[in-house]
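First the structure, in the form of structure tokens, and then the observations on it.
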Amino acid sequence: GRMRGRMRGRMRGRMLVSSTSKPSDSVSLADRAQELGLKYILVSYDDLFGVSRSKLVPTRVAKQVQQDGAGFAGFAAYFDMKPSDADMLAMPDADTLVRLPWDPEIGWVASNLV
51 GRMRGRMRGR MRGRMLVSST SKPSDSVSLA DRAQELGLKY ILVSYDDLFG VSRSKLVPTR
111 VAKQVQQDGA GFAGFAAYFD MKPSDADMLA MPDADTLVRL PWDPEIGWVA SNLV
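With my numbering as the guide, the letters of the sequence shown map in order to residues 51 to 164.
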């Protein structure tokens, strides 16, 4: 019914993957960071316990991070992974980039794990 129409996602394993959660490719993370006058960006995601995990990257690599993602060790975020497993990639959503009020040279951006 009504709820099913609103949930535009599909189940993959036990995790809902939303078809609307894909980061926008039309907005440039590098351009947005330059507009805001940022030197660094915190690329962030929340782990399974709701803990925010972040990686501080310089804005000079923002274009590369938007294309390739920022690598995170899954075992360190309590995912069922070993240190030898490949990194998880956090793909930043440039539409969510905001300047941190307590440090105007640093921005925060939400990311989707792939």
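Heads up, the beta-carbon is just placed ideally off N, CA and C, and yes, glycines get one too.
When the Cα atoms are used, what is the spatial distance from residue i to residue j?
i, j, result
"Leu88", "Asp143", "16 Å"
"Leu147", "Arg110", "15 Å"
"Ser12", "Pro133", "As displayed, the chain neither begins before 51 nor continues past 164, which places residue 12 out of reach and without an answer."
"Gln117", "Asp96", "20 Å"
"Ala83", "Pro154", "11 Å"
"Leu164", "Gly119", "In the sequence under discussion, the amino acid at residue 164 is Val, which differs from the Leu named in the question. Roughly 9 Å separates the two Cα atoms."
"Val115", "Asp130", "25 Å"
"Arg149", "Ser104", "15 Å"
"Asp81", "Asp145", "11 Å"
"Gly55", "Phe125", "In this predicted model, Gly55 has a pLDDT of only 41, less than 50, meaning its place in the structure is not dependable enough to derive any value."
"Glu85", "Ser102", "25 Å"
"Ala90", "Asp135", "Checking the sequence, you will find Tyr at residue 90 rather than Ala. The straight-line gap from Cα to Cα measures roughly 28 Å."
"Val159", "Trp152", "15 Å"
For residue i, write down the residues that DSSP places opposite it in a beta bridge.
i, result
"Lys105", "Val93"
"Lys161", "Reading off the sequence, residue 161 comes out as Ser, not Lys. Ser161 is bridged to Pro142."
When you compare the CB positions of residue i and residue j, do they come within less than 8 Å of one another, or not?
i, j, result
"Ala112", "Leu139", "no"
"Val93", "Val107", "yes"
"Gly121", "Asp137", "yes"
Out of the options, state which residue places its alpha-carbon closest to the alpha-carbon of residue i.
i, options, result
"Leu98", "Ala127, Ile91, Val159", "Ala127"
- request: List in chain order: all unbroken beta strand (DSSP E) runs of 3+ residues lying wholly within the stretch 104 to 159.
  value: 120 to 122, 138 to 142, 148 to 150
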